[in-house]
Amino acid sequence: MKIAILPGDGIGTEITEQAVKVLKALGETFEMESAPVGGAGYEASGHPLPEATLKLAKEADAILFGAVGDWKYDKLERSLRPEQAILGLRKHLGLFANFRPAILYPELAGASTLKPEVVSGLDILIVRELTGDIYFGQPRGMREAPDGPFKGAREGFDTMRYAEPEIRRIAHVAFQAAQKRGKRLTSVDKANVLETFQFWKEIVTEIHAEYPDVELDHMYVDNAAMQLVRAPKKFDVIVTGNMFGDILSDAAAMLTGSIGMLPSASLDANNKGLYEPSHGSAPDIAGKGIANPLATILSAAMMLRYSLNKEEQANRIEAAVKKVLAQGLRTADIYEQGTTKVGTTEMGDAVVKALA
Ligand code: IPM
Ligand code: MG
167 MKIAILPGDG IGTEITEQAV KVLKALGETF EMESAPVGGA GYEASGHPLP EATLKLAKEA
227 DAILFGAVGD WKYDKLERSL RPEQAILGLR KHLGLFANFR PAILYPELAG ASTLKPEVVS
287 GLDILIVREL TGDIYFGQPR GMREAPDGPF KGAREGFDTM RYAEPEIRRI AHVAFQAAQK
347 RGKRLTSVDK ANVLETFQFW KEIVTEIHAE YPDVELDHMY VDNAAMQLVR APKKFDVIVT
407 GNMFGDILSD AAAMLTGSIG MLPSASLDAN NKGLYEPSHG SAPDIAGKGI ANPLATILSA
467 AMMLRYSLNK EEQANRIEAA VKKVLAQGLR TADIYEQGTT KVGTTEMGDA VVKALA
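Listed below in structure tokens is the structure:
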């Protein structure tokens with residue numbers, strides 16, 4: 167089995183190194199090949215998603231991705247910015263189903279900014295559609311407004327759209343995910359204002375008939391944002407579009423107080439996937455050896471489970487992560503008095519040791 171390793175920028179390289187170390191310690195034979203992506207891709211060959219990197223990603227059975235982005239690329243034209251690498255990979259590989267779990271580890275209950283009783287035991291899953299919506303909808307651009315009260319003025323515009331098969335496939339994925347968990351699915355939309363999401367709601371409701379064991383409810387996105395901070399434990403699985411999912415998943419991640427702990431998976435129709443931490447490249451702490459590698463290590467566990475069919479190895483990694491937390495080891499982002507502060511490499515080494 168071949169794993170493409172795309173470390174990217176900022177802390178991406180440091181945290182990916184730890185996850186690779188953990189994968190190597192499992193005693194399996196994986197073929198691993200690295201390639202530059204994001205700002206690193208731009209430096210290496212003038213494009214954030216170099217052709218050779220895309221080729222490797224296409225060939226591989228799974229992709230382990232670090233993070234991309236750095237302020238120094240903000241002035242580049244959009245098509246050359248690091249973020250285009252991740253958007254390009256999603257689109258080219260058809261990675262339409264994004265799983266973003268938000269789990270509160272009991273050892274880290276104090277890390278949340280919310281009261282412990284609101285978040286203790288939190289375990290929710292956001293299923294975000296990842297290749298459609300206003301992110302990719304055409305037409306888009308900047309132009310002279312062709313009509314309306316500001317006709318003739320410069321304007322920027324994007325297009326929100328979802329085709330029926332796109333909604334169907336993500337709905338199926340979400341219902342099936344709910345079946346394996348608490349059997350409750352909340353579809354988040356803005357059907358009160360947007361045609362796209364009126365349609366979304368209709369299709370999701372229709373598909374519900376195939377999953378009578380799952381309880382479905384619908385929620386407007388503004389209300390969902392409010393409920394996420396008010397009573398997040400009421401959710402089990404949330405399914406939503408690309409744009410709303412982007413926003414809600416950051417909010418959900420932060421409920422746990424430790425975005426450095428949260429993995430994610432982006433899957434195609436055949437469970438080939440790209441696995442990455444939910445956090446970004448954190449250029450402010452890059453190279454300091456203090457970044458938390460656990461989200462990336464847990465992403466490797468998700469990769470074993472979903473793409474490589476190695477549930478047992480996935481469980482081993484997750485158990486090892488729990489063990490190091492129980493031992494009191496903490497990177498700076500999750501450090502509390504009375505625990506032991508460790509760096510990126512030490513944390514990776516501790517997980518390897520805990521695997522044994
Ligand atoms: C995410 C990120 C990306 C997104 C950016 C980096 C393009 O915020 O994965 O949530 O908006 O999807
Ligand atoms: Mg985001």
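In the working numbering, the protein residues as written are 167 to 522.
Yeah, the Cβ is synthetic: ideal placement off N, Cα and C, and Gly gets one too.
Identity of the residue in the options nearest residue i by Cα
i	options	result
residue 176	329, 239, 278 and 169	239
residue 395	502, 377, 415 and 223	415
residue 420	431, 398 and 436	398
residue 389	401, 379, 378 and 381	401
residue 346	379, 332 and 328	379
residue 255	278, 318 and 214	214
residue 337	236, 367 and 229	367
residue 275	451, 423, 459 and 329	423
residue 523	200, 187, 195 and 188	Not covered by the structure: residue 523. The range shown for the chain is 167 to 522.
residue 297	427, 207, 257 and 440	257
residue 325	339, 341 and 361	361
residue 156	354, 450 and 476	There is no way to answer for residue 156, as the model of the chain reaches only from 167 to 522.
residue 460	508, 503 and 453	508
residue 475	227, 488, 514 and 248	227
residue 230	299, 188 and 511	188
residue 406	263, 209 and 219	263
residue 234	444, 357, 329 and 358	444
residue 291	219, 349 and 492	349
Secondary structure of residue i, DSSP reduced to three states
i	result
residue 445	coil
residue 437	coil
residue 394	helix
residue 199	strand
residue 331	helix
residue 216	coil
residue 236	coil
residue 506	strand
residue 276	helix
residue 496	strand
residue 415	helix
residue 430	strand
residue 491	helix
residue 514	helix
residue 521	helix
residue 425	helix
residue 470	helix
residue 173	strand
residue 341	helix
residue 410	helix
residue 464	helix
residue 229	strand
Bounding residues of the beta strand (DSSP E) (the contiguous stretch that carries residue i)
i	result
residue 386	381-386
residue 264	263-269
residue 351	350-355
residue 405	403-406
residue 322	320-323
Segment limits, alpha helix (DSSP H) that includes residue i
i	result
residue 209	205-211
residue 295	Segment 289-295 is the beta strand (DSSP E) holding residue 295; no alpha helix (DSSP H) there.
residue 307	Careful: residue 307 lies outside any alpha helix (DSSP H), inside the beta strand (DSSP E) at 307-310.
residue 254	249-259
residue 189	178-190
residue 369	361-374
Proximity test, residue i beta-carbon vs ligand 1 heavy atom, cut-off 7 Å
i	result
residue 252	yes
residue 249	yes
Closer than 7 Å between the C-beta and any heavy atom of ligand 2: which residues qualify, listed along the chain?
Cβ atoms closer than 7 Å to ligand 2 belong to 412, 415 and 416.
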